[in-house]
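Chains as they are written, first to last, in our numbering: chain A, 57 to 228; chain B, 15 to 333.
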């Protein structure tokens with residue numbers, strides 16, 4: 057019985073890396089853009105077209121365009137990539153949601169994200185980009201760079217730089 | 015009538031008045047993982063009446079009307095905060111393993127069961143003395159906890175084993191394991207004690223378990239990433255939050271079939287039903303959204319603290 061228990065504990069310890077810690081983090085960034093919602097949506101709606109508006113994305117390939125289930129691979133400037141699956145897509149609501157295969161180039165895990173273009177005041181657009189994720193380190197006591205702060209900072213940076221550039225392009 | 019009589023009468027009246035107020039309306043205790051506190055909502059007025067600081071990153075909640083306490087798991091400070099429902103203050107903090115998440119109280123309010131995520135066990139606490147009285151080895155990554163209405167059985171979702179452990183509460187050990195769907199996180203028992211529902215996060219479905227036979231008798235498709243569940247008082251309706259669908263699914267629990275999936279809010283997690291109202295905790299929105307239980311129509315939204323979870327039994331319906 058004791059041996060069984062010890063074996064159970066060993067098995068448990070070996071699978072810990074597959075679990076994630078219990079505290080999910082989130083980031084929501086928004087930008088008001090002086091352009092019609094349909095025009096902004098046209099710029100961002102291609103799941104395989106992020107390189108056209110995000111300054112950190114160099115190239116993109118996708119298995120099935122903007123159809124649900126399509127898997128895109130983003131290659132990032134300065135190296136690294138992200139592999140993401142399109143989980144939900146609504147042209148009518150001008151939004152799509154995707155899930156990252158793993159953290160990829162970012163210090164996160166179990167990462168999902170939604171981009172929405174809404175109508176703002178006076179013919180403007182309100183673009184909302186939100187993400188939910190866990191830090192890269194799945195267990196207690198994460199080392200620096202793999203903790204909650206690092207994860208939040210990284211996603212915030214991706215969203216802010218992307219939205220700032222989108223605003224610049226659309227308001228030109 | 016003497017002055018003393020008058021004094022006694024007025025204090026008695028004041029006491030009756032405040033007690034009536036407390037007994038008349040249900041309250042919701044919502045854990046806010048991002049602001050490290052609990053929002054107490056008076057559901058008669060849909061307003062936050064207290065914000066209770068607890069441990070770090072509170073997630074799980076078990077409100078026990080019988081114990082007159084709310085028990086809150088704090089996974090990052092690795093303990094459980096005990097809130098006195100009469101005063102809305104923390105009266106004790108109990109050390110609880112390395113990653114307490116799921117939590118449930120026995121119906122008689124005598125025991126509290128806490129899933130210790132990183133150590134694959136369930137910790138048992140005396141709800142009166144706040145002392146740990148046991149630790150029961152279960153499966154991998156134990157998440158949600160539910161107690162049978164009789165108090166005799168405790169159910170734990172072994173998330174990474176795709177199973178539910180059935181704990182014999184009196185013997186303090188696992189009596190059976192029931193294979194369910196993919197990645198079960200929450201479990202909830204019906205009021206009659208005949209059915210147990212396990213929510214399979216990666217299967218996008220719900221396993222319906224016959225408690226007596228200890229077997230899955232139906233699997234019901236819901237939205238993406240089902241996370242929290244609650245039953246109507248008569249047990250005929252099951253409401254499920256779909257975390258990645260921003261929706262809730264309404265299920266006919268008498269016939270094990272889905273009736274509707276309706277929009278709710280951003281990343282809905284915890285859920286409770288009282289009368290004709292469904293309370294949905296919206297993690298992304300930092301709010302509780304109130305829906306009509308009959309058709310899922312939105313009624314109102316109540317702001318909470320940050321990253322609200324409400325994972326567990328968060329309603330206090332004073333008797």
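For every residue, glycine included, the Cβ atom is placed at its ideal position computed from N, Cα and C.
Interface partners of residue i on chain A, CB under 8 Å
i: residue 238/B; result: 143 and 144
i: residue 298/B; result: 82, 84, 186 and 188
i: residue 50/B; result: Residues of chain A passing the Cβ test: none, with the nearest at roughly 11 Å.
i: residue 47/B; result: 79 and 80
Residue i: first and last residue of the uninterrupted alpha helix (DSSP H) it sits in
i: residue 219/A; result: 204–226
i: residue 100/A; result: 93–100
Residue i (DSSP reduced to helix, strand or coil)
i: residue 7/B; result: Because chain B here runs from 15 to 333, residue 7/B falls outside it and cannot be looked at.
i: residue 107/A; result: helix
i: residue 145/B; result: coil
i: residue 403/B; result: With chain B represented from 15 up to 333, any question about residue 403/B goes unanswered, as that position is not in the structure.
i: residue 115/A; result: strand
i: residue 51/B; result: strand
i: residue 242/B; result: strand
i: residue 158/B; result: strand
i: residue 147/A; result: coil
i: residue 140/B; result: strand
i: residue 300/B; result: coil
i: residue 182/B; result: strand
i: residue 326/B; result: strand
i: residue 120/A; result: coil
i: residue 113/B; result: coil
i: residue 333/B; result: coil
i: residue 153/B; result: coil
i: residue 248/B; result: coil
i: residue 160/A; result: coil
i: residue 122/B; result: coil
i: residue 178/A; result: helix
i: residue 136/A; result: coil
i: residue 257/B; result: coil
Residue range of the unbroken beta strand (DSSP E) whose run includes residue i
i: residue 316/B; result: 312–317
i: residue 93/B; result: 93–98
i: residue 74/B; result: 74–78
i: residue 151/A; result: 151–156
i: residue 307/B; result: Unbroken run through residue 307/B: none, as it is neither H nor E.
i: residue 288/B; result: 282–288
i: residue 67/B; result: 61–67
i: residue 230/B; result: 229–235
i: residue 264/B; result: 261–266
i: residue 193/A; result: No beta strand (DSSP E) holds residue 193/A; DSSP gives it neither H nor E.
i: residue 209/B; result: 209–214
i: residue 198/B; result: 198–203
i: residue 9/B; result: Residue 9/B cannot be examined here, being either before or after the span of chain B that is shown, 15 to 333.
i: residue 84/B; result: 83–88
Per-residue contacts from residue i into chain B (C-beta, under 7 Å)
i: residue 128/A; result: Under the 7 Å cutoff, chain B gives no residues; its nearest Cβ is about 18 Å from residue 128/A.
is_contact[residue i, chain B] using C-beta, thresh 7 Å
i: residue 79/A; result: yes
Contacts that residue i makes with chain A (C-beta to C-beta distance below 7 Å)
i: residue 84/B; result: Simply none; closest approach about 19 Å.
i: residue 317/B; result: In chain order: nothing, as chain A lies at least about 15 Å away.
i: residue 90/B; result: 79
i: residue 162/B; result: In chain order: nothing, as chain A lies at least about 25 Å away.
i: residue 197/B; result: Those within 7 Å of residue 197/B in chain A number zero; the least Cβ separation is about 11 Å.
Min CB distance residue i to chain A below 7 Å
i: residue 235/B; result: no
i: residue 247/B; result: no
i: residue 71/B; result: yes
i: residue 37/B; result: Because residue 37/B sits at a pLDDT of 47, beneath the cut-off of 50, its placement in the model cannot be relied upon, and the point is left open.
Interfacial residues, the segment 144–170 of chain A to chain D, with Cβ spacing under 9 Å: Of the protein chains in the structure, A and B, none is chain D.
Members of the segment 119–132 of chain B that neighbour chain A once the beta carbon cut-off is set at 7 Å: 131 and 132
Members of the segment 265–299 of chain B that neighbour chain A once the beta carbon cut-off is set at 8 Å: 280, 281, 297 and 298
The segment 178–193 of chain B: positions lying closer than 7 Å to chain A by Cβ: none
Chain-ordered residues of the segment 305–333 of chain B with a beta carbon less than 8 Å from chain A: 321
Positions along the segment 138–154 of chain B whose CB lies within less than 8 Å of some CB in chain A: 151 and 154
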